[in-house]
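Student: Residue 76 in full-length UniProt numbering sits at position 76 of the sequence shown; the count goes up by one each step and never skips.
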Amino acid sequence: MTDLWTGERVRLRGIESQDWEGFRALALHTVDARNADVVEPPRSDESFRAWATERAGRTPNASSYQLVIETRFEHAFVGAVSVGETDTRAGRFRTGIEVTREHRRQGYAFEATELILTYMFAEQRCHKCEVEVYAFNDASLALYRKLGFVEEGRLRQHEYFAGAYHDVVLLGITADEYWAGRARPLLR
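1. Note down, one range per segment and in chain order, each beta strand (DSSP E) of at least 3 residues found wholly within the segment 67 to 124.
2. So, are the CB atoms of alanine 112 and leucine 12 less than 9 Å apart?
3. Taking only the alpha-carbon atoms, compute the straight-line gap between alanine 76 and aspartate 167 and give it to the nearest angstrom.
4. One question on the structure: do tryptophan 51 and phenylalanine 23 come within less than 9 Å of each other, judged by their Cβ atoms?
5. Is leucine 187 helix, strand or coil by DSSP?
6. Which same chain residues, not among the five before or five after alanine 175, have their C-beta less than 6 Å away from its C-beta?
7. Do threonine 71 and valine 10 have their beta-carbon atoms positioned less than 9 Å apart in this structure?
8. Just mark leucine 187 as buried or exposed, buried being the case when its beta carbon has 16 or more other beta carbons within 10 Å.
9. Would you report the Cα separation of tyrosine 165 and leucine 26, rounded to the nearest angstrom?
10. Using 10 angstroms around the beta-carbon of valine 83, count the other beta-carbons present and answer buried if the total reaches 16, otherwise exposed.
11. Could you check the C-alpha separation between methionine 1 and proline 185 for me, to the nearest Å?
12. If I follow the unbroken alpha helix (DSSP H) through threonine 53, where does it start and stop?
13. Can you give me the C-alpha to C-alpha distance between valine 169 and glutamate 46, rounded to a whole angstrom?
14. The alpha helix (DSSP H) with alanine 164 in it runs from where to where?
15. So, helix, strand or coil for arginine 182, using DSSP?
16. Spatial neighbours of serine 140 within its chain, please: C-beta separation below 6 Å, excluding the five flanking residues on both sides.
17. Can you say whether glutamate 8 is buried or exposed, counting buried as having 16 or more other CB atoms within 10 angstroms of its CB?
18. Alpha carbon to alpha carbon, what distance is there between leucine 115 and arginine 49?
19. What's the gap between the Cα of phenylalanine 93 and the Cα of glutamate 102?
20. Could you tell me which residues DSSP pairs with glycine 153 in its beta bridges?
Set out below in structure tokens:
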């Protein structure tokens with residue numbers, strides 16, 4: 001390993017001003033926006049430009065951040081991964097991911113999440129990662145289960161959208177569970 005933020009197929013990097021178009025693409029489809037978070041009213045291109053420019057100017061914060069996922073060699077915008085709700089006392093954090101439609105089911109989300117887990121467990125001394133996934137989001141549930149996350153609970157009828165209440169599935173993985181069967185990063 002030469003760079004903690006680069007995998008075989010993806011690289012994670014800070015947000016740049018020109019990424020506004022990629023973030024706009026993530027928000028274009030109602031179902032995609034709902035799977036990632038909530039549906040918001042339409043935004044102007046200028047709003048996306050201003051948001052990306054503001055984010056590009058932020059100083060990195062190891063406990064709460066959002067990174068762009070790009071293909072390693074073509075540098076194409078794939079999506080974004082975020083870390084937040086970090087509790088340094090308890091050693092917990094949450095993560096989430098969004099991938100553009102044309103880049104799904106190609107292993108990018110899996111690899112990007114592995115990079116985040118490696119950083120948070122190996123460099124930030126976190127002990128556990130938690131995620132919340134809408135119960136109908138089969139692709140995200142499958143992704144996290146493939147990574148080794150375990151279902152820890154379900155918040156019944158927890159979120160309201162599309163005219164109905166929906167369950168939220170809580171999943172978690174500890175550092176020990178993550179490292180089982182994986183090589184820890186080497187110091188170089």
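Glycine residues also receive a C-beta, built at the ideal position from the N, C-alpha and C atoms.
No experiment lies behind these values; they were computed from the predicted model shown.
Tutor: Taking the coordinates as given:
1. 77 to 87, 92 to 99
2. yes
3. 34 Å
4. yes
5. Because leucine 187 sits at a pLDDT of 49, beneath the cut-off of 50, its placement in the model cannot be relied upon, and the point is left open.
6. Phe121, His127
7. yes
8. Unreliable placement is indicated for leucine 187, whose pLDDT of 49 sits below 50; the coordinate value is still reported in the next sentence. Leucine 187 is exposed by the Cβ-count criterion.
9. 24 Å
10. buried
11. Annotation note: pLDDT 48 at methionine 1 (below 50); position unreliable, coordinate value reported separately. The straight-line gap from Cα to Cα measures roughly 7 Å.
12. 45 to 56
13. 35 Å
14. Where alanine 164 is concerned, there is no enclosing alpha helix (DSSP H), although the beta strand (DSSP E) it sits in stretches over 164 to 174.
15. coil
16. Val133
17. exposed
18. 27 Å
19. 29 Å
20. Leu170
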